[in-house]
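First comes the structure, then the notes that go with it.
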Amino acid sequence: MLIKEIIKDCSKKMDKTIEYYERELKGVRTGRATTALIEYVKVDYYGSSTDLRDIAAVSVGDATQLIVKPYDPGSKNEIIKALETADLGLNPQADGDTIRISIPAPSSERRQQLATQVKKMGEESKIAIRNERRDAIKHVDSQVKDKSNDESEDDGKHGKEEIDSLTKKHTAKIDELCKAKTEEIQTI
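When you line the sequence shown up against this note's numbering, it's residues 67 to 254, in that order.
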């Protein structure tokens, strides 16, 4: 694999880490109703762990309420149980075939917990990015050592510099996302 391909592959993996972190952040409760908050809650559905969004329609009722309409009304109790045990601080209420979830504004203590959780998730994402960097640099080193290809020491050095630049850019993006989400949590 050429050094340019290694860099391109590293960049793609780092981008995926950022996308994953963004998706994780959407699931952090801020006091506003958003479907992303519960879409990925795992529900024990006929013996298998299934995302809520796959077995129910999730919609926003108003700014502080979510409405869940199970495709199979028989799964309503399993959905309620999963929402209660998901550690989101939610209290789902059955209303006929639908489930209503009021999203209360989190207490100041809960906001601190959420901010800490966001920072922890950010650190985990940064670790993933640094691991991608390490793997890419290892790959570049092996390409430079392998005399059967045309990669020179200078090519390797430039490749490593580019990988370091990508790492800094992606780490800064995670810091930016973390800061924005923390501010959103604190200003409720």
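Built from N, CA and C at the ideal position, the CB exists for glycine as well. All of these numbers come straight from a predicted model, not from anything done at the bench.
Minimum C-alpha distance to residue i - residue among the options
i, options, result
"Q159", "R200, I145, R98 and T96", "I145"
"A102", "T182, E88 and Y111", "E88"
"R166", "V126, E175 and C76", "V126"
"Q178", "I121, S218 and T253", "T253"
Residue span of the beta strand (DSSP E) that contains residue i, given as start and end
i, result
"G127", "A122 to D128"
"R199", "Careful: R199 lies outside any beta strand (DSSP E), inside the alpha helix (DSSP H) at S174 to K211."
"I133", "Q131 to P136"
Rounded Cβ spacing between residue i and residue j (contact assumed at less than 8 Å)
i, j, result
"I84", "I229", "Not a contact, Cβ separation roughly 16 Å."
"I133", "T164", "6 Å"
"V107", "L149", "6 Å"
"I203", "K234", "That pair is no contact at about 14 Å."
"K247", "V184", "5 Å"
"I69", "D221", "5 Å"
Residue i: first and last residue of the uninterrupted alpha helix (DSSP H) it sits in
i, result
"D221", "E219 to Q252"
"L149", "K142 to T151"
"Y86", "I69 to K92"
Other residues of its chain near residue i: CB distance less than 6 Å, five sequence neighbours each side excluded
i, result
"T116", "V109"
Residues of its chain near residue i, where Cβ-Cβ distance is below 7 Å and the 5 sequence neighbours each way are ignored
i, result
"E105", "D117, L118, R119 and V124"
"A255", "Nothing in the structure corresponds to residue 255, since the chain is present only between 67 and 254."
"K186", "none"
Cutoff 8 Å; reference residue i; Cβ partners in own chain excluding five residues on either side
i, result
"H236", "M80, D81, T83, I84 and I195"
"G188", "Y87, I240, D241, L243 and C244"
DSSP bridge partner residues for residue i (one or two, in chain order)
i, result
"N157", "S168"
"Y111", "S114"
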